[in-house]
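Take a look at the structure set out below.
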Amino acid sequence: MMTNITNAKVQTAVAIRKLSKTYSAGSGGTLALSDIDLDIRGHEFVSVIGPSGCGKSTLLRIIGGLLPYDGAALVNGAPIEGPSPDISIVFQKSNLLPWLTTEANLNLGAQIRKKPITPADTSRMIDLLGLKGFEKNHPHQLSGGMQQRVSLGQALIVRPSILLLDEPFGALDALTRDRLNIELLRIWEEARQTVFLVTHSITEAIFLSDRVVVMSPRPGRIIEDVRIDLPRPRAVKETRADPRFSRYVNQLSELMGVV
Amino acid sequence: MSEKIRNVVDPVLFLIVLGLLWEWSVRFFRIKPYLFPTLSDVFAVLWNERVSMWNQGLITLLEVVVGFAAATVGGVIIALAIFFVPTVRRTVYPMITAMQSIPKVALAPLMVVWFGYGLSAKFVMAFLFAVFPIIIATLGGLAGTPQNLVEHFRALNASGWETIWRLRIPSALPSFIDGCKIAIPLAMIGAVVGEFIGSQNGLGYVILVSSSTAQTAQMFAALITIAVLSWALFLLMELISKLVWWRAV
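Sequence order for the protein chains is A and B.
At position 159 of the first sequence (counting the first as 1) the number is 165 in our numbering, and the numbers step up by one without a gap.
At position 174 of the second sequence (counting the first as 1) the number is 197 in our numbering, and the numbers step up by one without a gap.
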């Protein structure tokens, strides 16, 4: 079966078949994910939503090569056996080292992965993320939103083909969150990485994504895969005013059991 | 008065009040000088014996600095080994914690047997007193590295050495410095205890000689010198700890 999907889905950025995950804690272990099938095409923006503890972050960590799993999971055609150089991850909690400046933190990921970058790359990232004037600041001198910009920059500077975002803006206030969502879209329109976003927010998922995957409470299964047919480029006001937007909100809220 | 000025003035005033209290009560109660000398007598000894006090102090200082430096290097290496090598954690770590309960004062005669009356026995004593808090503090710092950063380094495919060098060690530095602050006065105790057991010089030796000849003022002079040296070393550690400013953020 493994060779089967390898041949069939080479252009698929992420291909997952019959994936399950058991945490071996206590007697017998807890089933966190069960029978997951998921394909993400190259350059696609896919979000996953689901109740707390449904295993969506676990799924992201499996794709990121950080957790062992049962079943088949391929990234760019190769079975996941560990962290891939094609993938960058941004987590909710800041990944920045407190003793490094913004610049040094931006470069850190590339240095560790031994990917050559030039000072021009760094200053381009500083411009792109609106960090000008904060190059020599340390993380504690930055707001939460600024810190996540730097984390995002560190992830993007190595030009990953796949970006995994684990509630990257979850700890920010609504206004900052909206602003960063718009910037994320702008950056994505330009580079078109494959994005896998884990979020709690239905509106955020709809606003950003080509597809929204809905997961059930533990053990997490995919209960719906909703294609978001909203024109791009998207803008907060226009996109949210689109009647389809509120239909998607209603549909997803129902699936989540909110209404 | 601003807080900065008071931070200097208050302790100085307090010391002066204590000193005056000392001087007057000894005079008022007519306490015999060999029991409790007046502060002015102690200062007189400090001034008259300043050259020899300075030289003896330098010897003790050398013992403290060498023993402490060895404890720093040794303590960090031992802590790294305990943290990263499971076998060392299972074998060496419990043994070190168990040995910690042996009073190190009781080891001083043994050190004289092993290393003689020279400086090396005092280096070892200062080392023995100072090394334990450094090991424990460094271990705490290494273990206290934020888990999300460790995972981030894993996601970046960082090698083991890179994770140690770029993440674990800088994370552990604030805690390590705290350990050093505890260890510095302990190294002083170790050196002085070493001098008690067998030596021909150093401030511990001065105290011992003063005791056997009932020169109590000289004993106090040596004690004050020890206190001032310890305090200066601690201040130095405070200054160094400012370099790892990220402790507070």
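Cβ coordinates follow ideal geometry from the N, Cα and C atoms, glycine included.
{"Asked": "Residues in the same chain with beta-carbon distance under 8 Å from Lys15(A), minus the five sequence neighbours each way, listed in chain order, please.", "Found": "Note that Lys15(A) scores a pLDDT of 42, beneath 50, so its modelled location is shaky; the value from the coordinates is reported in the next line. Within the same chain, Lys15(A) has close Cβ partners Ala21, Asp45, Leu80, Gly83."}
{"Asked": "Rounded to the nearest angstrom, what separates Thr9(A) and Phe175(A) at their Cα positions?", "Found": "Low confidence applies to Thr9(A): its pLDDT is 43, below 50, so where it sits in the model is not reliable enough to give any reading."}
{"Asked": "Check whether chain A comes within 8 Å of Arg177(B), counting only Cβ atoms and requiring the distance to be less than that.", "Found": "yes"}
{"Asked": "Nearest CA to the CA of Gln199(A): which residue from Leu137(A), Ser94(A), Lys142(A)?", "Found": "Ser94(A)"}
{"Asked": "Can you tell me whether DSSP reads Arg47(A) as helix, strand or coil?", "Found": "strand"}
{"Asked": "Measuring alpha carbon to alpha carbon, tell me which of Gly88(A), Gly61(A), Asp179(A) ends up nearest Thr28(A).", "Found": "Gly61(A)"}
{"Asked": "Need the endpoints of the alpha helix (DSSP H) that Lys204(B) sits in, please.", "Found": "192–220"}
{"Asked": "What separation, rounded to the nearest whole angstrom, lies between the Cα atoms of Ile212(A) and Ile168(A)?", "Found": "19 Å"}
{"Asked": "Which residues, taken in chain order from the segment 136–152 of chain A, show a beta carbon closer than 7 Å to some beta carbon of chain B?", "Found": "His146"}
{"Asked": "Around the Cβ of Asn4(A), are there at least 16 other Cβ atoms within 10 angstroms (buried) or fewer (exposed)?", "Found": "Within the shown structure, residues of chain A are numbered from 7 to 265, placing residue 4(A) beyond reach of any answer."}
{"Asked": "Within the continuous alpha helix (DSSP H) that includes Ile39(B), where are the two ends?", "Found": "26–51"}
{"Asked": "Within the segment 70–107 of chain A, note down every full beta strand (DSSP E) run reaching 3 residues or more, in order along the chain.", "Found": "76–81, 93–96"}
{"Asked": "With H, G and I counted as helix, E and B as strand and the rest as coil, what does DSSP make of Val16(A)?", "Found": "For Val16(A), the predicted structure reports a pLDDT of 44, less than 50, and the residue's modelled location is therefore unreliable. A value from the coordinates is still provided. Correct three-state label for Val16(A): coil."}
{"Asked": "On the three-state DSSP scale, how would you describe Val267(B)?", "Found": "coil"}
{"Asked": "Alpha carbon to alpha carbon, what distance is there between Leu81(B) and Ser235(B)?", "Found": "23 Å"}
{"Asked": "Alpha carbon to alpha carbon, how far is Ile208(A) from Ser259(A)? Give it in angstroms, no decimals.", "Found": "7 Å"}
{"Asked": "So what's Lys24(A) in DSSP terms, helix, strand or just coil?", "Found": "strand"}
{"Asked": "Going by beta-carbon coordinates alone, are Ile247(B) and Leu44(B) separated by less than 8 Å?", "Found": "no"}
{"Asked": "Run through DSSP, which three-state label would Arg177(B) get?", "Found": "helix"}
{"Asked": "Using a Cβ distance threshold of 8 Å, determine whether the segment 211–227 of chain A contacts the segment 33–53 of chain A, with at least three qualifying pairs required.", "Found": "yes"}
{"Asked": "Got a sec, what are the start and stop residues for the alpha helix (DSSP H) Ile229(A) sits in?", "Found": "No alpha helix (DSSP H) holds Ile229(A); the beta strand (DSSP E) holding it covers 228–233."}
{"Asked": "What does Ala67(B) touch in chain A if you count any residue whose Cβ is under 9 Å from its own?", "Found": "Within 9 Å Cβ-Cβ: nothing; Ala67(B) doesn't reach chain A, min ~51 Å."}
{"Asked": "Please confirm whether Leu172(B) has its beta-carbon closer than 8 Å to some beta-carbon of chain A.", "Found": "yes"}
{"Asked": "Which chain B residues are close to Lys99(A), counting only those with a beta carbon under 7 Å from its beta carbon?", "Found": "Asn171"}
{"Asked": "Would you mind telling me which residues of chain B sit closer than 7 Å to Leu72(A), beta carbon to beta carbon, in chain order?", "Found": "Glu174, Arg177, Ala178"}
{"Asked": "Just confirm the distance between the C-beta atoms of Thr205(A) and Glu173(A), as a whole number of angstroms; I'd bet it's less than 8 Å.", "Found": "6 Å"}
{"Asked": "Alpha carbon to alpha carbon, what distance is there between Leu137(A) and Met152(A)?", "Found": "7 Å"}
{"Asked": "Mind checking who Tyr29(A) pairs with in its DSSP beta bridge?", "Found": "Thr36(A)"}
{"Asked": "Using 8 Å as the cut-off, can you tell me whether the segment 124–134 of chain B makes contact with the segment 172–192 of chain B, which would need three or more C-beta pairs spanning the two stretches below that distance?", "Found": "no"}
{"Asked": "Note down the Cα distance separating Pro117(B) from Val215(B), rounded to an integer number of angstroms.", "Found": "28 Å"}
{"Asked": "Reducing DSSP to helix, strand and coil, say where Phe152(B) ends up.", "Found": "helix"}
{"Asked": "According to DSSP, simplified to helix, strand and coil, what is Leu203(A)?", "Found": "strand"}
{"Asked": "May I have the straight-line CA-CA distance separating Leu142(B) from Ala250(B), to the nearest angstrom?", "Found": "21 Å"}
{"Asked": "What would DSSP say about Asp133(A), mapped onto helix, strand or coil?", "Found": "helix"}
{"Asked": "Assess contact between the segment 48–56 of chain B and the segment 193–213 of chain B, defined as three or more Cβ pairs (one per stretch) separated by less than 8 Å. Is contact present?", "Found": "no"}
{"Asked": "Give a yes or no on contact between the segment 222–229 of chain B and the segment 81–93 of chain B, applying the rule of three or more CB pairs nearer than 8 Å.", "Found": "yes"}
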